[in-house]
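First the structure, in the form of structure tokens, and then the observations on it.
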């Protein structure tokens, strides 16, 4: 594939480290896609800005990356999405550099990676992460340390799934992945990739130069890794010892919200500037910044920042910034 200079791409510069670029791992956060299963919320918010406990999803990804020591991050966004870059800048830990690339069409994660200037990618270890893949708790740094120190072309943190036929499923021999099949008809196990793909320099080159392309014309990350494994190249991985929390549907978003509220020992979270009057809220209710609620009774609900509600009683709903109600 041709090199992509991405002329005119906006960038937000962070602190410059005194380490040669090629020696520093890089992270690329993918924020594109239509997020159809999150409608109507995703009609009004880019996927990476979907709120979980009143923080955008991209904030969680940046926080986890900072724990691993990565301070050089590219965000890949769809055309016209200026809000995600601003949110990433606001959420980035001190010392983390944020740059932005644009993916013209949602042609798969491999294509998204290819939008980052190739001179930033070649010869480097690159962590490619879906913004909505929320890894909670656990020791993520040890996974990254293994990726950077082991003689492997790529590394996959793995997590159990209840729907293995819908995921990329790995077979392990110790910490070596011997087989990786996307959406297997007859799964041999339930350890899935949660869309945190840790690529070594050879795997980066393979994704840029010779990716697997599916029937829809999308450049597959999982399919390309499958090809790498089938060709006998070493790919490592092990089970992540934390939780992989699903945020891909309205139902999953509410379940993840409930799980995280448990740790706060409170079943309700209301933004400090929300205007709430004569309401009965909970359990599992989050009200975002700038919301206005009057005479409302809610349970198992998310009211996104800016949402207004009045004189309703409901449960199991997600309210958009414009006040539209979505149900799982």
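Numbering (this note's numbering), first residue to last: -17 to 310. Beta carbons: idealized from backbone N, C-alpha and C, even for Gly. As the structure is a computational prediction, the values presented were derived from the model and not from experiment.
Note down the Cα distance separating residue i from residue j, rounded to an integer number of angstroms.
i: residue 13; j: residue 44; result: 12 Å
i: residue 250; j: residue 27; result: 22 Å
i: residue 181; j: residue 296; result: 45 Å
i: residue 186; j: residue 281; result: 46 Å
i: residue 164; j: residue 198; result: 15 Å
i: residue 1; j: residue 7; result: Bear in mind that the predicted position of residue 1 carries a pLDDT of just 41, short of 50, making it unreliable; the figure below should be weighed with that in mind. Each residue's alpha carbon lies about 11 Å from the other.
i: residue 273; j: residue 36; result: 11 Å
i: residue 167; j: residue 147; result: 6 Å
i: residue 290; j: residue 194; result: 46 Å
i: residue 143; j: residue 173; result: 6 Å
i: residue 162; j: residue 153; result: 6 Å
i: residue 158; j: residue 215; result: 10 Å
i: residue 123; j: residue 103; result: 21 Å
i: residue 202; j: residue 178; result: 14 Å
i: residue 17; j: residue 61; result: 15 Å
i: residue 68; j: residue 196; result: 33 Å
i: residue 306; j: residue 266; result: 19 Å
i: residue 132; j: residue 248; result: 42 Å
i: residue 34; j: residue 256; result: 16 Å
i: residue -6; j: residue 101; result: Low confidence applies to residue -6: its pLDDT is 39, below 50, so where it sits in the model is not reliable enough to give any reading.
i: residue 169; j: residue 145; result: 10 Å
i: residue 72; j: residue 84; result: 19 Å
Applying the criterion that 16 or more other CB atoms from any shown protein chain within 10 Å of the CB defines a buried residue, is residue i buried or exposed?
i: residue 175; result: buried
i: residue 46; result: buried
i: residue 229; result: buried
i: residue 24; result: buried
i: residue 223; result: exposed
i: residue 262; result: exposed
i: residue 309; result: exposed
i: residue -1; result: Note that residue -1 has pLDDT 38, beneath the 50 cutoff, so the model's placement of it is unreliable and the number below is only indicative. Under this definition residue -1 is an exposed residue.
i: residue 204; result: buried
i: residue 86; result: exposed
i: residue 278; result: buried
i: residue 93; result: buried
i: residue 220; result: buried
i: residue 150; result: buried
i: residue -8; result: Only weak support is given to the placement of residue -8: the predicted model assigns it a pLDDT of 41, under 50, and the value that follows is read from those uncertain coordinates. Exposed: under 16 other Cβ atoms inside 10 Å.
i: residue 302; result: buried
Grab me the residues of residue i's own chain with a C-beta within less than 7 Å of its C-beta, minus the 5 sequence neighbours each way, in chain order.
i: residue 66; result: 13, 28, 30, 31, 40, 57 and 59
i: residue 241; result: 227
i: residue 95; result: 10, 110 and 189
i: residue 70; result: 40, 44, 57 and 80
i: residue 118; result: 224, 225 and 227
i: residue -11; result: Residue placement at residue -11 cannot be trusted, given a pLDDT of 40 that sits under 50; what the coordinates show is reported in the next sentence. Counting only Cβ-Cβ distances below 7 Å, and skipping sequence neighbours, we find nothing.
i: residue 113; result: 11, 12, 13, 29, 30, 39, 40 and 43
i: residue 304; result: 26
i: residue 64; result: none
What residue from the options has the CA that sits closest to residue i's CA?
i: residue 259; options: 165, 305, 268 and 293; result: 293
i: residue 120; options: 107, 141 and 131; result: 141
i: residue 91; options: 218, 285, 200 and 227; result: 200
i: residue 155; options: 211, 303 and 227; result: 211
i: residue 38; options: 304, 270 and 130; result: 270
i: residue 184; options: 217, 170, 158 and 177; result: 217
i: residue 48; options: 150, 74 and 83; result: 74
i: residue 254; options: 207, 159, 268 and 16; result: 268
i: residue 252; options: 245, 84 and 264; result: 264
i: residue 136; options: 207, 105, 127 and 143; result: 207
i: residue 236; options: 16, 15, 20 and 5; result: 20
i: residue 312; options: 51, 97 and 233; result: In the structure as shown, the chain begins at -17 and stops at 310. Residue 312 is therefore absent and cannot be evaluated.
i: residue 283; options: 233, 256, 304 and 145; result: 233
Which residue or residues does DSSP assign as beta-bridge partners of residue i?
i: residue 98; result: In DSSP, residue 98 forms no bridge with anything.
i: residue 271; result: Partner(s): none; residue 271 has no beta bridge.
i: residue 87; result: Beta-bridge pairing links residue 87 to no other residue.
i: residue 129; result: Beta-bridge pairing links residue 129 to no other residue.
i: residue 151; result: 163 and 174
i: residue 54; result: 79
i: residue 259; result: 276
i: residue 300; result: 284 and 308
i: residue 37; result: 34
i: residue 220; result: 139
i: residue 118; result: 225
i: residue 295; result: 279
Under 6 Å Cβ to Cβ from residue i, same chain only, skipping five residues before and after it: list those, please.
i: residue 116; result: 42, 227 and 229
i: residue 209; result: 194
i: residue 88; result: 14 and 15
i: residue 22; result: 302, 306 and 308
Any heavy atom of the ligand SAM within a distance shorter than 8 Å of the CB on residue i?
i: residue 23; result: Looking at this structure, you won't find the ligand SAM or any other ligand, since it has none at all.
So, for residue i: in the same chain, excluding its five sequence neighbours on each side, which residues have a beta-carbon less than 8 Å away from its beta-carbon?
i: residue 55; result: 8, 9, 10, 11, 44, 47, 70, 74, 78, 79, 80 and 81
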